[in-house]
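J.:
Protein chains: 4
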Amino acid sequence: MSKGKVCLAYSGGLDTSVILAWLLEEGYEVIAFLANIGQEEDFEAAEKKALAIGATKFVVVDVRQQFVEKVCFPAIQANAIYENVYLLGTSLARPVIAEAQIKVAEENGCFAVSHGCTGKGNDQVRFELSFYALKPDVTVIAPWRDPAFFNRFAGRNDLLEYAAAKGIPVAQTKAKPWSTDENLAHISFEAGILENPDTTPPKDMWKLTVDPTDAPDKPEEFSIYFEKGLPVKLILDGGKKVITDPVELFLEANALARRNGVGRIDIVENRFIGIKSRGCYETPGLTILRSTHVDLEGLTLDREVRALRDQFVTVSYARQLYNGMYFTPECEYVRSMIPASQTTVNGVVRASCYKGTLTILGRSSETEKLYDETESSMDELTGFSPEDTSGFIAVQAIRIKKYGEAAREKGTPLTL
Amino acid sequence: MSKGKVCLAYSGGLDTSVILAWLLEEGYEVIAFLANIGQEEDFEAAEKKALAIGATKFVVVDVRQQFVEKVCFPAIQANAIYENVYLLGTSLARPVIAEAQIKVAEENGCFAVSHGCTGKGNDQVRFELSFYALKPDVTVIAPWRDPAFFNRFAGRNDLLEYAAAKGIPVAQTKAKPWSTDENLAHISFEAGILENPDTTPPKDMWKLTVDPTDAPDKPEEFSIYFEKGLPVKLILDGGKKVITDPVELFLEANALARRNGVGRIDIVENRFIGIKSRGCYETPGLTILRSTHVDLEGLTLDREVRALRDQFVTVSYARQLYNGMYFTPECEYVRSMIPASQTTVNGVVRASCYKGTLTILGRSSETEKLYDETESSMDELTGFSPEDTSGFIAVQAIRIKKYGEAAREKGTPLTL
Amino acid sequence: MSKGKVCLAYSGGLDTSVILAWLLEEGYEVIAFLANIGQEEDFEAAEKKALAIGATKFVVVDVRQQFVEKVCFPAIQANAIYENVYLLGTSLARPVIAEAQIKVAEENGCFAVSHGCTGKGNDQVRFELSFYALKPDVTVIAPWRDPAFFNRFAGRNDLLEYAAAKGIPVAQTKAKPWSTDENLAHISFEAGILENPDTTPPKDMWKLTVDPTDAPDKPEEFSIYFEKGLPVKLILDGGKKVITDPVELFLEANALARRNGVGRIDIVENRFIGIKSRGCYETPGLTILRSTHVDLEGLTLDREVRALRDQFVTVSYARQLYNGMYFTPECEYVRSMIPASQTTVNGVVRASCYKGTLTILGRSSETEKLYDETESSMDELTGFSPEDTSGFIAVQAIRIKKYGEAAREKGTPLTL
Amino acid sequence: MSKGKVCLAYSGGLDTSVILAWLLEEGYEVIAFLANIGQEEDFEAAEKKALAIGATKFVVVDVRQQFVEKVCFPAIQANAIYENVYLLGTSLARPVIAEAQIKVAEENGCFAVSHGCTGKGNDQVRFELSFYALKPDVTVIAPWRDPAFFNRFAGRNDLLEYAAAKGIPVAQTKAKPWSTDENLAHISFEAGILENPDTTPPKDMWKLTVDPTDAPDKPEEFSIYFEKGLPVKLILDGGKKVITDPVELFLEANALARRNGVGRIDIVENRFIGIKSRGCYETPGLTILRSTHVDLEGLTLDREVRALRDQFVTVSYARQLYNGMYFTPECEYVRSMIPASQTTVNGVVRASCYKGTLTILGRSSETEKLYDETESSMDELTGFSPEDTSGFIAVQAIRIKKYGEAAREKGTPLTL
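Chains as they are written, first to last, in the working numbering: chain A, 1 to 416; chain B, 417 to 832; chain C, 833 to 1248; chain D, 1249 to 1664.
1. Strictly under 8 Å for the Cβ-Cβ distance: is P968 (chain C) near chain D by that measure?
2. Consider the C-beta atom of G1527 (chain D) and the heavy atoms of the ligand ATP; say whether any pair is separated by less than 7 Å.
3. Would you mind working out which of B:A601, B:W560 and B:A521 sits nearest Q481 (chain B), comparing C-alpha positions?
4. Taking 8 Å as the cut-off, does the region 957-975 of chain C touch the region 1607-1626 of chain D (at least 3 CB pairs, one atom from each stretch)?
5. When you compare each of A:S223, A:L230 and A:A255 to V242 (chain A) by their alpha carbons, which one comes out closest?
6. Is A1433 (chain D) helix, strand or coil when you go by DSSP?
7. Could you round the C-beta distance between I863 (chain C) and A887 (chain C) to whole angstroms and report it? I think they count as a contact, below 8 Å.
8. For E463 (chain B), which residues of its own chain have a beta-carbon under 6 Å away from its beta-carbon, when the five flanking residues on both sides are left out?
9. Taking the alpha helix (DSSP H) that L296 (chain A) belongs to, which residues open and close that run?
10. By the criterion of Cβ-Cβ separation under 7 Å, what are the contact partners of A1239 (chain C) in chain B?
11. Between Q260 (chain A) and chain B, is there a C-beta pair that is closer than 8 Å?
12. Compare the C-alpha of P490 (chain B) against each of B:T828, B:T773, B:A756 and B:Y548 and name the closest.
13. According to DSSP, is E1580 (chain D) part of a helix, a strand, or is it coil?
14. Would you report the Cα separation of N686 (chain B) and M621 (chain B), rounded to the nearest angstrom?
15. Please state whether DSSP places C1358 (chain D) in a helix, a strand or coil.
16. Measure the alpha-carbon distance for R1182 (chain C) versus G870 (chain C) and round it to whole angstroms.
17. To the nearest whole angstrom, what separates the beta carbons of E830 (chain B) and S781 (chain B), a pair I think is in contact under 8 Å?
18. Out of A:F272, A:S188, A:D211 and A:L208, point me to the one whose CA is closest to G89 (chain A)'s CA.
19. Using a 10 Å radius around the Cβ and a threshold of 16 neighbouring Cβ atoms, would you call T1492 (chain D) buried or exposed?
20. DSSP state of N452 (chain B), grouped into three classes?
21. Enumerated in chain order, which unbroken segments of the beta strand (DSSP E) with a length of 3 residues or greater are wholly contained in the region 1345-1432 of chain D?
22. Have a look at D:V1458, D:I1483 and D:G1261 and flag the residue whose alpha-carbon is nearest the alpha-carbon of A1423 (chain D).
23. Give me the Cβ distance between D388 (chain A) and R1647 (chain D), rounded to the nearest whole Å; I'm assuming they're in contact under 8 Å.
24. Are the C-beta of R399 (chain A) and some C-beta of chain C separated by less than 8 Å?
25. Secondary structure at E457 (chain B), three-state DSSP: helix, strand or coil?
26. Taking all protein chains shown into account, decide if T16 (chain A) is buried (16 or more other Cβ within 10 angstroms of its Cβ) or exposed.
27. Between A1293 (chain D) and the rest of its own chain, which residues show a CB-CB distance below 8 Å, the 5 nearest in sequence each way excluded?
28. Strictly under 8 Å for the Cβ-Cβ distance: is F728 (chain B) near chain D by that measure?
29. Return the CA-CA distance between F250 (chain A) and V68 (chain A), expressed in angstroms with no decimal places.
30. Per DSSP, which residues does L467 (chain B) bridge with? Please list them.
31. Shortest alpha-carbon distance to D941 (chain C) belongs to which of C:V1137, C:Y860, C:M1157 and C:L961?
32. Could you tell me whether the Cβ of T1221 (chain C) comes closer than 8 Å to any Cβ of chain B?
33. Report the residue from C:S1109, C:V892, C:G1188 and C:W1010 whose alpha carbon sits nearest the alpha carbon of D874 (chain C).
34. Compute the Euclidean distance between the alpha carbons of K1267 (chain C) and V6 (chain A), then round it to the nearest angstrom.
35. Excluding the 5 residues preceding and the 5 following S1209 (chain D) in the sequence, name in chain order all residues of the same chain whose CB lies nearer than 6 Å to its CB.
36. Hey, how far is the Cα of G263 (chain A) from the Cα of K369 (chain A)?
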């Protein structure tokens, strides 16, 4: 008798194939689930393999549009970034995949969900917290944290032997000396030889972007239009190419950045599970979209709104995303703060890509008038009188003079 | 009889030459002051001119070392950045110049200081708040905010005519269609044709850095060592060049970035005087030093210390610097928070520059052990048990499950 | 010929009566405006006096409901407080009065508005920034900052003489040795003898609340119901009195606090105009409503939402209100963050007042289930296993053990 | 053969007595440890009992001075408060006790430490994170999270039976229907009948403070002097009593508050272990010391330093203390920010207590001159000109007028 149905996040790789077989061995019925979130993947081969191993069913869910519109675009609006550098490509994908998996689990009467994440990473946390929020009574089976599993499969050889014994086909290609995770927005590289933070990634590791030294010798110009902080139009090829569909726009931004070597980073980051880890990432299109968005905010967003948003919303949102806290009260709260900050972020940014560099060429807005050319001119005197500034400075100085006086009186005059 | 001595920040240009003459005409005795803060400048010519116009004395003060060690280096430690993009090159220079000017004023018995800043910019605020803090009883003469002056000199022609009348020599070169401000750390371009935020800066505007398309075709590698967050050694040329003196190191970082086209930006920023303005900046060496410092913090700085520093210190410090609040109680307070965050930021970052791009190649630290290769490995199980993570997730989930349950009960189940 | 119509905020007191006469003398036509915001005031006498002096018209606008519902209630939702102590009673009133005055100005074709605020206080800033936001082209006439006025009226005697000359009746009662400002939410006392921050306010200064030593000898119990963070029902007299109308509820809370001596404070605060000033305040009802609201949030608000709201919204909102920034993009932004934080703040708080003390007696919520009696019980083991906590602690400890180890290795073991 | 020595935090109560016996039964040798942190306790009886049960040794460590000087006083300097209400009395004690226990463990060659905290509370986290930081290789034995223990002792009866079987004397007094934790700074009451958050605590529960209704009928006045934010002198009895020793001063502040019914609170708070719990607290002296310190900061602390400290230091520090993160890099970092904020907090506050109410009567400072009576006067015009304020407002209004204009142009004029 079955112990019940489990919905397993199945990639077709060695790990989740072994997990599938092991779950069956443990007496569960397994629904294999695979999200199409824009990764390069042979979905048919995965389906064949899952069914061959013994899955009752194989379900692919295309979440690309949701991924772009529901999470990537708001991340652009919020300028989301983790530890000054990381654009959160993996973190953004997790709630989308988790929601799809829970839906498949519920539609197929599964009491449990399972995944192949390791016990030290962020992804287990991101998936499971999302699972629990979306279906608080779900059971989570995490084999890599179950001694019955991880003691049995202590190394890659144990997995290979088990695969052989179970007749699971294994790709003949030699495993790469690092792990990757890919989606429409990015690919990550970590572990293996990258664990030494001083090892420069080999040139052939990078996958999505051309090496800057191999990129075209001429800058490529383009324009991106934003409405309420959302990218709504991308113009390339000197105006010959105009894209407005969100997913198409995102893909075209990817292609643009990829061929010009834009979007690579290499960092040591702080995982939620209090350890540090080294990651290399390619985030081509998102890098372009975020940077042009930041630029447009300079022209169209009020100074104080921007400062509040930067210090509180951007920072909180990035941390919540990174820590897998998408489906939490606090993240719902922070997300509710994004649109109100973006009502004036309307306009177009012109920019170019060249051998890894993104350069802003100019920006304009037909509707927003916060920037006033005449007013910011050094030469003209509209809007306010220079004498007003004297008063402004005098009032600012009240507190500061007192500070300087006190320092002198206490015998410790101010210095650099 | 003289109305008293005024110490004028004198650049040798048209504006401050006219101001000098006008101050004399108004009955003041003038001490001309010029800071050597690393700008390209003909100090001798300026001296000759000042004395020819009628200054009692011309004083140059070399503040380069102070500038690098007292303000640029702490800015690197704090990762200071304004509105996500601007590295504060001008802002950093102001307190250093102001302090030198006040010292010259006091040494020469001046009751007042004067400057040629316009009435709409940030610099007038930065200088004057520093003046008032350092010498609370000082009088500030700001001709561009004095109707007696600005009504008389309404345009460039008025200045030229006055110069001619006073026999002040004017450079024959045509004035550039923008203004600049230069120091050891950067040069700024603004006003003139740049006031249209959609105008791409002409290629020949940029001065400090080579155009990325003209930069060498091969990445140039280098290493930077940090101690307590401060750059202490720069190695180039495959180890043939080793620099440790702070100013030399800074200059060499400049040269490296300059020849590889690194450090250009173009933004619309929010001035303290509530208007927006467009600025183009070249900040070559500081860009390299800041980015490598950020990278090393990934390896050596505790997650939570970094998060607190990022959200509070970096943000507050940048705003204070930008707004001219260096000599204030709050900036003194924030500066006191920098060293305590940097005790572990010791190590070396390897990187390369190439046609405008800066790439991190690796990083290491002999003394700091927060990063543990074995521990972050996906394959090994030292340090903590994978089962611990189950408990960690379970406890994190308590609150989140309740949130999911409440949403279901209220008939609004959670979704993306 | 008239120089045009001015809408003057007129209180009937000596200052604004002199200003009225002076404006007329200066050639303006004056519309006298007086807001009824709940202060104790003889509106009819003021009208008679204004018209007698020469105002074209006298307009009273009753803004009490707006004041309670539009600004006091959101302040309760946000727990607004300035510098840990001050409940912002005056600040809250300013945008309401300014909006009413601008409306009167526009309805009566006034090109300018005028007020009697001094040149050192917060109120001038609060009024004028609101005026400019609501009617950017308005002219503001601030006599106490106009040398033509303040040089002429250097002291109270000058005002009295002018009043006598103009036939303006002056109240025979001796002026109190402090100034006050009163509205439905509070009364402030400042200036005069209070300027010495070490002077204890005389017992007879306090006006709205009974002295705690004279308050009843028995605690008075009551219950307040909140919906989405807004007070919706107040029950007193052992259930005999039930109030639900917002203004009535606010007034009844006032009466309750007044008779029990609740809501007095005495502080030295930091004005927006960088000086410190001493203020004494009575804020009876608002003290009760805010404190019970804070208590209910403990029961019904998620921990992280609360922390975000406390650190960002409460703090920013209070500062904006205090500085007169109600009608600004950033305050609009922050206000938009309040309702989303309050969706779960539904329930009732029971409390008592006694001789200046407010005591919480209990709280409950029929709809919100974040608090779970069984779960928080020390004795029962529902919800999660104690072993989960071991994992939680183990994961938290990863980073901390490393910190302890590093300290030991560096020869500086951790101590208190 | 012994499994090794364990240092057990032993209170003499039923729980830790059973744990002591159980540890012995499990084969450990036990060193019983009891901190004297100012709680009411029969230390001799505890010693006798521990040795009778079988402890090898009983060690009392007097940590009262450390508790006051090392943690309570900095908490006063930082105005530490959790969730607007709780003064962190228990949290403050934990690092002090943990450090003493680790020292005893090390001096007695114990490989492990043990405690009687439940598996749902904050204290287990606070103790254990401190243990791990101070001695990263320590083993922690937490019986209430060990199934071998908690399954055996499922209820109080199991404990009583085991105690009887082992000959452990049990106090004849009936257990109170709540738990308490006491130290020099406070006592907490929770669990039992208090778990219903709507149950008003019975009058006889409160222990440290007199009921406000029973307190004296006359306000009692006193003065507290601070130096660099630390209480250095308390004067009572109309000057007859002067205390300067830190511990004595703290005890006297306790006595003063106790007899006047000051310092009770009742809240529902958010535990680190994501659940809510209800707690009642008496924190007599700390309430007085913190409130007077807050008041003195009004007079002596710069506005912006205060704002930064409030928003970042106070909030972060309180959260760290509550969550048991005292010995962490981030708390060390935040603690380093306290003294720099307090250099000017020098002066004296006069206040009174009366039936639960604390009233500030006045404050002064001989050394700090940030407050300037003349300057804050409404009537006098020293320091700056009222016209300066016009400029100040005009510059502030630039951005705001633009906001108002944009709103009008977009057809949505600003309103409350």
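Each residue gets a CB set at the ideal place from its N, CA and C atoms; glycine is no exception. Owing to the predicted nature of the structure, the values given are computational and were not obtained by experimental measurement.
T.: This is what the structure holds:
1. Taking the first residue of the third sequence as 1, we reach residue 968 (chain C) at position 136. Taking Cβ atoms only, chain D reaches closer than 8 Å to P968 (chain C), which makes this a yes.
2. Ligands are entirely absent from the displayed structure, and the ligand ATP is therefore not among its contents.
3. Within the second sequence, numbered from 1, the residue matching residue 481 (chain B) stands at position 65. Closest by alpha carbon: B:A601.
4. In the pairwise beta carbon analysis, the region 1607-1626 of chain D is classified as not touching the region 957-975 of chain C: fewer than three pairs are separated by under 8 Å.
5. In the first sequence, the residue the question calls residue 242 (chain A) occupies position 242. Closest in alpha carbon position to V242 (chain A), among A:S223, A:L230 and A:A255, is A:S223.
6. Within the fourth sequence, the letter at position 185 stands for residue 1433 (chain D). A1433 (chain D) falls in the coil class under three-state DSSP.
7. Against the third sequence, residue 863 (chain C) aligns to sequence position 31. Against the third sequence, residue 887 (chain C) aligns to sequence position 55. At roughly 7 Å, the Cβ-Cβ gap stays under 8 Å, so I863 (chain C) and A887 (chain C) are in contact.
8. Counting from 1 along the second sequence, the entry for residue 463 (chain B) is found at position 47. Take E463 (chain B), set aside five residues on each side of it, and the residues of its chain with a beta-carbon closer than 6 Å to its own are F474, in chain order.
9. For this step, residue 296 (chain A) is matched to residue 296 along the first sequence. L296 (chain A) -> alpha helix (DSSP H) spans P284 to T300.
10. Numbered from 1 along the third sequence, position 407 holds the residue referred to as residue 1239 (chain C). Within chain B, no residue comes near A1239 (chain C); the closest Cβ sits about 11 Å away, beyond 7 Å.
11. Counting from 1 along the first sequence, the entry for residue 260 (chain A) is found at position 260. According to the sequence displayed, residue 260 (chain A) carries Asn and not Gln. By this cut-off, N260 (chain A) is not an interface position.
12. As a position in the second sequence, residue 490 (chain B) is number 74, starting the count at 1. With distances taken between CA atoms, P490 (chain B) lies nearest to B:A756 out of B:T828, B:T773, B:A756 and B:Y548.
13. For the purposes of this step, residue 1580 (chain D) is taken as residue 332 along the fourth sequence, with counting starting at 1. DSSP places E1580 (chain D) in the helix class (H, G or I) of the three-state scheme.
14. By 1-based counting over the second sequence, the position of residue 686 (chain B) is 270. By 1-based counting over the second sequence, the position of residue 621 (chain B) is 205. Rounded to the nearest angstrom, the two C-alpha atoms are 23 Å apart.
15. Locating residue 1358 (chain D) in the fourth sequence gives position 110, counting from the first residue. The answer is coil: DSSP assigns C1358 (chain D) none of H, G, I, E or B.
16. As a first step, residue 1182 (chain C) must be located in the third sequence, where it is residue number 350. As a first step, residue 870 (chain C) must be located in the third sequence, where it is residue number 38. Rounded to whole angstroms, R1182 (chain C) to G870 (chain C) spans 27 Å at the Cα level.
17. If you number the second sequence from 1, residue 830 (chain B) lands on position 414. If you number the second sequence from 1, residue 781 (chain B) lands on position 365. Sequence check: residue 830 (chain B) is Leu here, not Glu. Their Cβ separation, rounded to whole angstroms, is 42 Å, which puts L830 (chain B) and S781 (chain B) out of contact at 8 Å.
18. Position 89 of the first sequence, counted from the start, is the residue given in the question as residue 89 (chain A). Considering only alpha carbons, the answer is A:S188.
19. Taking the first residue of the fourth sequence as 1, we reach residue 1492 (chain D) at position 244. Around the C-beta of T1492 (chain D), fewer than 16 other C-beta atoms lie within 10 Å, and the residue is accordingly described as exposed.
20. The residue you call residue 452 (chain B) lines up with position 36 of the second sequence. Residue state for N452 (chain B) is assigned as strand, using DSSP reduced to three classes.
21. Restricting attention to beta strand (DSSP E) runs no shorter than 3 residues, the region 1345-1432 of chain D encloses them at 1360-1362, 1387-1389 and 1427-1430, ordered along the chain.
22. Stepping through the fourth sequence from its first residue, residue 1423 (chain D) is reached at position 175. Residue D:G1261 is the option with its Cα nearest to A1423 (chain D).
23. For the purposes of this step, residue 388 (chain A) is taken as the residue at position 388 of the first sequence. For the purposes of this step, residue 1647 (chain D) is taken as the residue at position 399 of the fourth sequence. Taking 8 Å as the upper bound for CB-CB distance, D388 (chain A) and R1647 (chain D) are not in contact here, some 13 Å apart.
24. As a working note, residue 399 (chain A) is residue 399 in the first sequence. Closer than 8 Å: yes.
25. For the purposes of this step, residue 457 (chain B) is taken as the residue at position 41 of the second sequence. Coil at E457 (chain B), not helix or strand.
26. Reading the first sequence from its first residue, position 16 is the one you call residue 16 (chain A). Counting Cβ neighbours within 10 Å, T16 (chain A) comes out buried, since at least 16 surround it.
27. As a first step, residue 1293 (chain D) is located in the fourth sequence; it is residue number 45 there, counting from the start. Around A1293 (chain D): G1260.
28. By 1-based counting over the second sequence, the position of residue 728 (chain B) is 312. Yes, its Cβ sits closer than 8 Å to a Cβ of chain D.
29. Here residue 250 (chain A) refers to the residue found at position 250 of the first sequence. Here residue 68 (chain A) refers to the residue found at position 68 of the first sequence. Each residue's alpha carbon lies about 7 Å from the other.
30. Here residue 467 (chain B) corresponds to residue number 51 of the second sequence, with the count starting at 1. Per DSSP, none; premise fails for L467 (chain B).
31. Mapped onto the third sequence, residue 941 (chain C) falls at position 109. Here residue 941 (chain C) turns out to be Gly, not Asp, going by the sequence shown. Per the Cα distances, C:Y860.
32. Locating residue 1221 (chain C) in the third sequence gives position 389, counting from the first residue. Taking Cβ atoms only, chain B reaches closer than 8 Å to T1221 (chain C), which makes this a yes.
33. Indexing the third sequence from 1 puts residue 874 (chain C) at position 42. Ranking C:S1109, C:V892, C:G1188 and C:W1010 by Cα distance to D874 (chain C) puts C:V892 first.
34. One cannot answer for residue 1267 (chain C) here, as it falls past the ends of chain C, which runs 833 to 1248.
35. For residue 1209 (chain D) there is no data in the structure shown, the boundaries of chain D being 1249 and 1664.
36. Here residue 263 (chain A) refers to the residue found at position 263 of the first sequence. Here residue 369 (chain A) refers to the residue found at position 369 of the first sequence. The alpha-carbon atoms of G263 (chain A) and K369 (chain A) are separated by roughly 32 Å.
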